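Number of protein chains: 2
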Amino acid sequence: MKYNANSSIPISDIKITDEFWNKYRDLVGKVIIPYQWDVLNDRLEDVETSHCIENFKIAAGLSNGKFEGAVFQDTDLAKWLEAVGFYLAAYGCDEKLEAMADEAIDLIEKAQQPDGYLDTFFIINAPDKKWKNLCEGHELYTAGHFMEAAVAYYEATGKRKIIDVVCRLADLLCDVFGKEEGKCHGYPGHPEVEVGLVKLYRVTGEKKYLDLAKHFIDIRGVGDNYFLEEEKQEDFERIFPEFINYDPSYSQSHLPVRQQKTAEGHAVRAAYLYSAMADVAVETDDKELLDACKVLWDDMVHRRMYVTGSIGSSGWLERFTTDYDLPNDCNYSESCASIGLAMFGKRMGEITGEATYFDEVERALYNTVLSGIAMDGKGFFYVNPLEVWPAACMDHTSRLHVKSERQKWFGVACCPPNIARTLASLGQYIAYKSKNKLYLNMYVSSKIKAEVSGKEVRLDIKSEIPWNGKVSVHVESDEQMEGTLALRIPYYAKNPKISVSGAGLDMKQDKGYINITLSSTSMDVSFEFDMPARFVHSNPKVRADVGKLAIMKGPLVYALEQVDNGDNLANIFVSGKTKLQEEFDNNILGGTTRITFNAQRIKEEGWDSGKLYGEVESDFEEVKLTAIPYCYWGNRQKNEEMLVWMKEKF
Amino acid sequence: MKYNANSSIPISDIKITDEFWNKYRDLVGKVIIPYQWDVLNDRLEDVETSHCIENFKIAAGLSNGKFEGAVFQDTDLAKWLEAVGFYLAAYGCDEKLEAMADEAIDLIEKAQQPDGYLDTFFIINAPDKKWKNLCEGHELYTAGHFMEAAVAYYEATGKRKIIDVVCRLADLLCDVFGKEEGKCHGYPGHPEVEVGLVKLYRVTGEKKYLDLAKHFIDIRGVGDNYFLEEEKQEDFERIFPEFINYDPSYSQSHLPVRQQKTAEGHAVRAAYLYSAMADVAVETDDKELLDACKVLWDDMVHRRMYVTGSIGSSGWLERFTTDYDLPNDCNYSESCASIGLAMFGKRMGEITGEATYFDEVERALYNTVLSGIAMDGKGFFYVNPLEVWPAACMDHTSRLHVKSERQKWFGVACCPPNIARTLASLGQYIAYKSKNKLYLNMYVSSKIKAEVSGKEVRLDIKSEIPWNGKVSVHVESDEQMEGTLALRIPYYAKNPKISVSGAGLDMKQDKGYINITLSSTSMDVSFEFDMPARFVHSNPKVRADVGKLAIMKGPLVYALEQVDNGDNLANIFVSGKTKLQEEFDNNILGGTTRITFNAQRIKEEGWDSGKLYGEVESDFEEVKLTAIPYCYWGNRQKNEEMLVWMKEKF
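Chain order of the listed sequences is W and E.
Read in this note's numbering, the first sequence has 310 at position 310, and its numbers run on one by one without any break.
Count along the second sequence from 1, then add 1000; that gives the number in this note's numbering.
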């Protein structure tokens, strides 16, 4: 067995030229990264204090004071640095950003301890507690983010300093953890170091890093639960009060990973673990582990995922619940969890060569990941509900986690830098390759360079997605081309037609792709399909959505906003036979296709008595409604109602 | 102004003979009280340990050990004792129960400290912390329950010992609390002592008890918030971690009570406070305070109450949220809060002479209060959702508070003894009187004795409610009767007809009552109305219910259960024009009227692919459904689906 191992195309070889996505590219480089740098440095007045850089200064002995922030506060800097790395790789040189990053790296290096240890919470706060609370301490999680950041920055700049820092850290981990007697037999309470170790292995060739990642995967959930045992230490100190009566499934440690059949626990932990399992499976040729990944993926996307590609139905503990339990107004659906879903799906798609994985990657990226960030790049959602009634999103209640306005920054700020690094590395989701085949997954206008069958080919992709199903790909090479160009046929493409340099093509799909044989030195591929706005139903087992309709267009989920449609969106009824009218409007939301349609609402008249219950007949009025892409909600008015799933009038 | 002050008829003068309610009378005396006595004494093996009696023994010096249980664990015993008092008063002598109660009283007296202090948590655990954490400490709450219990037991038995105990306690409170300098200016974090003090005043005539109740009402929410100030004490110790960032509206201390316009915070706290406000208003002839009660009542029942008479929409912190926010599957809707609603409504109805208050009292009692207790008296719901999908009611998630099976006992066990005392004192809700008028509110078959216009009249009420709208009242006296008998016309009574000794009566209503002039020495009143099962809508502002229907019959809300209707009740659609067929069946649920009707369901076929989302058309099938009274749900099968609000097929 040989999978498409390490099949990514370097970010630097995928230059995005897309109008839909370039808004975000510009935000990442020009707004988000500098803004977050200011936040990390506590330079902004009307934003919650981060203290992240200050913690590093204290740990480095350059400043005095106490650690402040979450136990995993360091990862804000790591994810920021990774975003800088991706941005520099993808979009070319930016001396100012590189200088900021080099300054950060100098500081990180100074904060690192002589033995390689690097975690400012424990360095400052509790040096005697290192590795003693793996359940909550997040040291390994933090280490993983530094490794990912180091690889991204090194690949972008060729500068080794941060790679050397994380190799020292990784070497320390290899000394501390392992199955051998005398080593710690624990594993991360929050998976992440595993994907970091695999990346570091790929860039350094140091096999012990891969071995440690595999060890963490293999030992997880084996025997007496490590975290429940760890709690019994005499000097154990609880960090998160809500972890009392700890449930091992929260960290996917309830069973050995190969025996897990359902997506359980904290959604981000789950998605990061599954991504690592896929990495280790492909690197170690482990079919059993890959099969476990397939089972978990299927449960996640076919029974526990929102139509917006978000996961984690429970507001409390940000976790999976049970199959088909997808409430729309009190879910967590964390931005970071959708990023994790995209990470996992990309790996599975590349390993198996099956296009279907990218259907869900695309769903997560176009909807929940983008909804997580304001169109000005300065506000963020952690929680991504599908139905918001701001009045009911109150502090001190069950819906306190749901915000009807993007927040400037968060005390626990995992999402903003995670979104930034994802947007900066979007290229990784667009295309990948095996030796003789170049796969196109997401049709984002871009210029790609890749070696196929030993020859460098250059692609110029022009895509009108998500507004129209129209893609053209110019392929050329200095040599006679060989091998295959594989085009993913999205599940929503109606009447797909492909022509190559004017000649039609047999549309026979292979794992969801159409294979085009590369030949000559220049080819023009045209891919066209219908992509009208459409109504979507959920599986009737989803109690929250049965009898309801959502609108999608291509990969985009649409939503109703109060600003267009008035309040009380819950009283709207739509026939599935209603015509959906599309209109591209350059003047709203940076240019977007609005969808208008006829519907009915239950009138509030007749209830003027002010009573709550009665034998009052429902009386409907005709209304004309407007839907906009879900990813753009909350960018015009703040604190207004929003709704994805509308009641169906049969 | 003179209100109908202190207008209750003694429990002992209302003997209930009703088949619907006598099931519960028998449970209270023969099952619940003895069972709870065993629980309080830790005599049952498969039930969570109460430790309640043991705490008293330790406080009394009769046993050694630590305090165990909630900070308000003592109130389990107080409410139990109150239930015994009510039971003895209502249903006559029971030597065994009286012996248990006397044993309990002896123990309570021994636990009381020389200065009158009585709270085993602080006596055992923290004698130096008395009155220092009024926000969380529950000492005043506990005192109130002892006062209520003492009055009930004294009125039933004439035995003074427990009255003397609570008078010593009340005297201590009068010394400790008050507006005078040198006294503590605090007030209860959980209102309850105020209703207790008023009851104690009424039975002893000791005006200072009323004055203290009035003081607690008047000082609440005035100036800098007492609880936020209290937290600043150097030795302050938090009891409930979830009270961090304390929100004063949680305990209705965000504003002076007269300025409060909306029902806020913890629902039980709110209802107990409002009840006390009504008590103080009537006893002190305080129109402003009564007007505040009216505003709060209206907000509560017309904007924040479930159709089942429950309150407290937020699962987290068991509290009110905002107008029209009434989610059905994640609400708290505590049994105790509905008891509080009944307490408040009874007071408002009696004070104002307006029948409408009893519409909601009846709603709460027939639905949420009864649903709180299993038909065998041995299981209890704290939380009373209107929609349950057991698979989704998982630990470690946002729905961890929702149980799909009644629990045997609870670590924090406020509801079971509260339900017991309420069922034992049901008579208080049936009738009350002013000097010249006897009001009938709830038509529960019973024999009532009361003085009207100076003469003792005896009523024999025979009622077929809730199954049929048929009530007969035989009224007699040894003397020529004078005054008025007022019959409440329930809001659901269709075509009501009243005849007196055969002669029809003008149905002109006065504040929701029909007045019947009492004359001669014997009269027969017949009250008949139609009460067919009916569909009910909610106000369309209720996002959770708009486009849905509930079934009611008289005061009863009906529910669908999985045992009758299969699973996935969310995919049921019912036309509001469907005929509801009623059938009384002696063989289910102790004899009940079932309602059957035709409906449609969305088929799950067509989704065999196992996918979550798609362009699959909804396909309906015809089904015949059965609804049973909501109060009886979960008494046949355990852990099955239940649903009140069904989707409407228009």
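Just so it is clear, CB atoms sit at the ideal spot from N, CA and C, and this is done for glycine as well.
Since the model is a prediction, treat every value here as computed from it, not as a measurement.
Pairing Tyr1492(E) with Thr1352(E), the inter-Cα distance amounts to about 21 Å. Note on the segment 38-123 of chain W: whole alpha helix (DSSP H) runs with a minimum of 4 residues are 52-59, 74-91, 95-111, in chain order. When DSSP states are grouped into helix, strand and coil, Glu561(W) belongs to the strand group.
Counting along the chain, the unbroken beta strand (DSSP E) around Asn1495(E) starts and ends at 1494-1500. From the beta-carbon of Asp247(W), the residues of chain E found nearer than 8 Å are Asp1395, His1396. Here Ser275(W) has Val195, Gly340, Met343, Phe344, Arg347 as same chain residues with Cβ atoms under 7 Å from its own Cβ, once five neighbours each way along the sequence are excluded. Within the same chain, Cβ atoms closer than 8 Å to the Cβ of Glu230(W) are found at Lys132, Asn133, Leu134, Cys135, Gly186, Phe236, the five residues on either side in sequence being excluded. Looking only at Trp1316(E), Leu1518(E), Phe1121(E), the smallest Cα-Cα distance to Tyr1141(E) is reached by Phe1121(E). Residues of the segment 543-557 of chain W with a C-beta atom less than 7 Å from some C-beta of chain E are Arg543, Val546, Gly547, listed in chain order. Going by C-alpha positions, Ala1550(E) is about 10 Å away from Ala1533(E). Within the DSSP bridge table, the entry for Cys184(W) names Phe177(W) as partners. As DSSP reads the structure, Leu134(W) sits in no beta bridge. Taking a beta-carbon distance threshold of 9 Å, Ile1602(E) counts as an interface residue toward chain W. Relative to the Cα of Asn586(W), the nearest Cα in the group Trp467(W), Pro555(W), Gly614(W), Ser519(W) belongs to Trp467(W). Straight-line spacing of the CA atoms in Tyr1630(E) and Trp1389(E) works out to 15 Å. In the structure shown, Ile1489(E) adopts coil according to DSSP, grouped into three states. Within the segment 1561-1623 of chain E, the runs of beta strand (DSSP E) at least 3 residues long that lie entirely inside it are, in chain order, 1572-1574, 1581-1585, 1592-1602. The beta carbon of Asp359(W) sits closer than 7 Å to the beta carbons of Pro490, Tyr491 from its chain, once the five residues preceding and following it are set aside; these are given in chain order.
Note that the C-beta distance between Leu197(W) and Leu173(W) is below 9 Å.
Assignment of Arg269(W) by DSSP, reduced to helix, strand and coil, places it in the helix class. Considering only beta carbons, the part of the segment 1320-1353 of chain E lying closer than 7 Å to chain W consists of Thr1321, Thr1322, Asp1325, Cys1330, in chain order. Sequence-distant Cβ neighbours of Tyr87(W) in its own chain, meaning closer than 6 Å and more than five residues away, are Val28, Gly29, Ala424. For the pair Gln259(W) and Pro248(W), the Cα-to-Cα distance works out to about 14 Å. Straight-line spacing of the CA atoms in Met305(W) and Glu1615(E) works out to 17 Å.
Taking 8 Å as the upper bound for CB-CB distance, Glu1082(E) and Ala1152(E) are in contact here, some 5 Å apart.
For Lys548(W), the closest C-alpha among the options Glu95(W), Tyr382(W), Ser453(W), Ser538(W) is that of Ser538(W). Cβ contact annotation for Asn495(W) (same chain, cutoff 8 Å, sequence separation greater than five): Phe529, Asp530, in chain order. Proximity of Arg534(W) to chain E, defined by a Cβ-Cβ separation below 9 Å, is satisfied. Burial state of Met507(W) is exposed, judged by a 10 Å Cβ sphere holding fewer than 16 other Cβ atoms. Any Cβ of chain E closer than 9 Å to the Cβ of Lys611(W) would place that residue at the interface, and such an atom is present. Rounded to the nearest whole angstrom, the C-alpha separation of Ala391(W) and Thr1322(E) is 7 Å. Within the same chain, Gly1606 come within 8 Å of Glu1617(E) by CB-CB distance, once the 5 residues on both sides are set aside. Cβ neighbours of Phe1020(E) within its own chain (closer than 7 Å, five residues either side excluded): Pro1466. Think of a sphere of 7 Å around the beta carbon of Pro490(W): no beta carbon from chain E falls inside it, the nearest being about 14 Å out. Annotated three-state conformation of Ser1404(E) is coil, per DSSP.
Distances from the CA of Asp26(W) to each of Val457(W), Lys511(W), Ala420(W) were compared; the closest alpha carbon is that of Ala420(W).
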